[in-house]
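**Student:**
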Amino acid sequence: MSVIDATGCPTKAASDRASAAPAVGALRAMLVELGELLGGMSDDHYVGSPSAGFTGSIGAHVRHCLDHVAALTDHALSHDSGACSSPLHGSAPDDGELDYDRRERGTAIEHERTAALREIERLQARLSGIETMSSERPIRVRGAFCAEGDCVSGPSSLGRELLFVISHTVHHNALLAAMCAALAVRTPVRFGYAPATLAHLDRTACAPSASSR
Numbered sequence: 021m022s023v024i025d026a027t028g029c030p031t032k033a034a035s036d037r038a039s040a041a042p043a044v045g046a047l048r049a050m051l052v053e054l055g056e057l058l059g060g061m062s063d064d065h066y067v068g069s070p071s072a073g074f075t076g077s078i079g080a081h082v083r084h085c086l087d088h089v090a091a092l093t094d095h096a097l098s099h100d101s102g103a104c105s106s107p108l109h110g111s112a113p114d115d116g117e118l119d120y121d122r123r124e125r126g127t128a129i130e131h132e133r134t135a136a137l138r139e140i141e142r143l144q145a146r147l148s149g150i151e152t153m154s155s156e157r158p159i160r161v162r163g164a165f166c167a168e169g170d171c172v173s174g175p176s177s178l179g180r181e182l183l184f185v186i187s188h189t190v191h192h193n194a195l196l197a198a199m200c201a202a203l204a205v206r207t208p209v210r211f212g213y214a215p216a217t218l219a220h221l222d223r224t225a226c227a228p229s230a231s232s233r
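Numbers in the numbering used here are just positions in the sequence shown, counted from 1, shifted up by 20.
1. Which runs of the alpha helix (DSSP H) spanning at least 4 residues fall entirely within the region 194–231, listed in chain order?
2. Check whether the region 63–75 and the region 197–216 touch, using three or more Cβ-Cβ pairs below 8 Å as the test.
3. Just the Cα atoms here: how many angstroms apart are G163 and N193?
4. Which residue's Cα is closest to the Cα of R83: L147, E56, R48 and E130?
5. Rank G45, P175, A43 and V52 by C-alpha distance to the C-alpha of R210 and give the top, closest one.
6. Find the nearest neighbour of T189 within the set G116, G212 and A80, judged by alpha-carbon distance.
7. Going by the DSSP bridge assignment, what does I159 pair with across the sheet?
8. Please report the distance separating the alpha-carbon of S154 from that of A40.
9. Suppose you measure from the CA of T224 to the CA of E151; what does that come to, to the nearest Å?
10. Just to confirm the assignment, what range does the alpha helix (DSSP H) spanning H131 have?
11. Assuming L203 and R133 make a contact with CB atoms under 8 Å, what is their CB distance in whole Å?
12. I need the DSSP call for S148, collapsed to helix, strand or coil.
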């Protein structure tokens, strides 16, 4: 609920609550950590996968994760009334709905570590373009719910979709941390932990561990 002052304008507290900036900042920090992880591994590790208990390569998980960030940022910017740019990611026609399933597989991002690092840089720039938007900005989302391709669509908001993409990124970063551990690749200390988990660890003065993810 918005707080209105005597002039009829939203107060600063209400404006802060409606800002997408905090969520965008959290997502950007996660991408910084992901970039640090990729910068510290070899090209062979990037296209490799532990043999037991994992599906896909590190690169495949990174591509999948970045595709979701790209879908949201490109949709938000291309539907901004003040924007003149069109989506830069993917080639599917735009029908006005955000669709995370509309993505390409097997791209250079999946197979080339340097391509993934370039994509992270691109997404950081795209995220800077949406952090001044309202988190209450309406978005319509579409997605498939079965392999046969049946879809459902419904209303959402920029803030809600940012929370989803943050959660999705945390999930895949946790998978990447486990894969890297199996490949003896060092990860940032707080990499792959949910914000709530990190807050709990900070309160209890516990060191992050694989079991606390």
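Every residue gets a Cβ at the ideal spot worked out from N, C-alpha and C, and that includes glycine. Keep in mind it's a predicted model, so treat the numbers as computed, not measured.
**Tutor:** For this structure:
1. 215–224
2. yes
3. Just so you know, the alpha carbons of G163 and N193 end up roughly 23 Å apart.
4. E130
5. Cα-wise, what sits closest to R210 is V52.
6. G212
7. S176
8. 5 Å
9. 32 Å
10. A128 to H131
11. L203 to R133, Cβ: 14 Å. No contact.
12. helix
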